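First the structure, in the form of structure tokens, and then the observations on it.
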Amino acid sequence: MKTKNRPPRRRVPPQDTAASPGEQTPDRPQLGSGPEPPKGLRSRMARGQGARAEGGRRRQGSRRESTVQRRLESNERERQRMHKLNNAFQALREAIPHVRADRKLSKIETLTLAKNYIKSLTATILAMSSGRLPGLDGPGPKLYQHYQQQQAAGAALGATEAQPEGHLQKYSTQIHSFREGS
DNA sequence: TAGGCCATCTGGTCCT
DNA sequence: AGGACCAGATGGCCTA
Numbered sequence: 500m501k502t503k504n505r506p507p508r509r510r511v512p513p514q515d516t517a518a519s520p521g522e523q524t525p526d527r528p529q530l531g532s533g534p535e536p537p538k539g540l541r542s543r544m545a546r547g548q549g550a551r552a553e554g555g556r557r558r559q560g561s562r563r564e565s566t567v568q569r570r571l572e573s574n575e576r577e578r579q580r581m582h583k584l585n586n587a588f589q590a591l592r593e594a595i596p597h598v599r600a601d602r603k604l605s606k607i608e609t610l611t612l613a614k615n616y617i618k619s620l621t622a623t624i625l626a627m628s629s630g631r632l633p634g635l636d637g638p639g640p641k642l643y644q645h646y647q648q649q650q651a652a653g654a655a656l657g658a659t660e661a662q663p664e665g666h667l668q669k670y671s672t673q674i675h676s677f678r679e680g681s
């Protein structure tokens with residue numbers, strides 16, 4: 500599994516909601532754009548879940564058009580939502596230090612690394628402050644207690660990351676493997 | 001060529 | 001009611 504420094508991949512251009520059916524890409528058939536149902540819909544229809552959308556009878560043109568229009572608008576919103584999600588992933592990537600800039604982390608790598616980084620930071624801060632956050636009198640001991648409880652719970656479940664140094668170990672191992680490019 | 005990763009479409013469900 | 005969210009399906013791109 501390698502996701503190394505890929506150039507930006509050419510993607511099928513987003514469907515323009517204002518575009519005419521003739522401008523649609525041939526490999527991404529749209530709802531109502533042809534006799535062949537969209538790829539993602541075929542299995543659903545095979546299970547009988549898409550029957551309503553397709554309709555057993557021919558619908559009036561205007562009603563069909565409004566249905567198609569709603570679907571296209573919904574697709575556009577979903578694209579925007581996913582773009583926002585990807586922007587958040589990118590921001591998270593940039594917040595994780597010690598990773599080669601030319602090596603783009605996959606989403607799952609980003610989440611895993613971020614989790615271990617946070618945990619290692621938490622353990623480090625607690626160790627350095629002896630359970631008392633700098634500048635805070637109250638929450639420190641409580642935070643430390645909570646953290647210890649979490650660790651104890653993890654240990655009870657047989658988690659390998661029960662020890663604070665375990666997080667740092669994991670994080671270091673991951674960083675090392677990413678640097679190696681493996 | 002197989003496997004990993006990703007973008008996109010889609011219908012169902014949840015939320016406001 | 002309409003939008004947000006979610007998960008399944010599909011196909012493209014890339015690397016080993």
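For the first sequence, my numbering assigns the number 500 to the initial residue and increments by one for each residue that follows.
Just so it is clear, CB atoms sit at the ideal spot from N, CA and C, and this is done for glycine as well.
From a predicted model like this one, the values you see are computed outputs, not experimental measurements.
| query | Can you tell which of Tyr670, Arg602 and Gln589 has the C-alpha that lies nearest to the C-alpha of alanine 622? | reply | Tyr670
| request: Tell me whether the beta-carbon of leucine 667 lies closer than 8 angstroms to the beta-carbon of serine 619. | output: yes
| message | Spatial neighbours of arginine 592 within its chain, please: C-beta separation below 6 angstroms, excluding the five flanking residues on both sides. | response | Take arginine 592, set aside five residues on each side of it, and the residues of its chain with a beta-carbon closer than 6 angstroms to its own are Leu604 and Thr609, in chain order.
| task | Give me the Cα-Cα distance between glutamine 568 and asparagine 585, rounded to the nearest whole angstrom. | result | 26 angstroms
| Own chain partners of tyrosine 616 with C-beta closer than 7 angstroms, once the 5 adjacent residues on each side are dropped | Ile595 and Tyr670
| task | For arginine 602, name the three-state secondary structure that DSSP assigns. | result | coil
| message | In this structure, how does DSSP classify isoleucine 595 when only helix, strand and coil are distinguished? | response | coil
| said: At the level of alpha carbons, what is the spacing between arginine 580 and glutamine 648? | reply: 37 angstroms
| Classification of glutamine 673 by the beta-carbon crowding that lies within 10 angstroms, buried from 16 upward | buried
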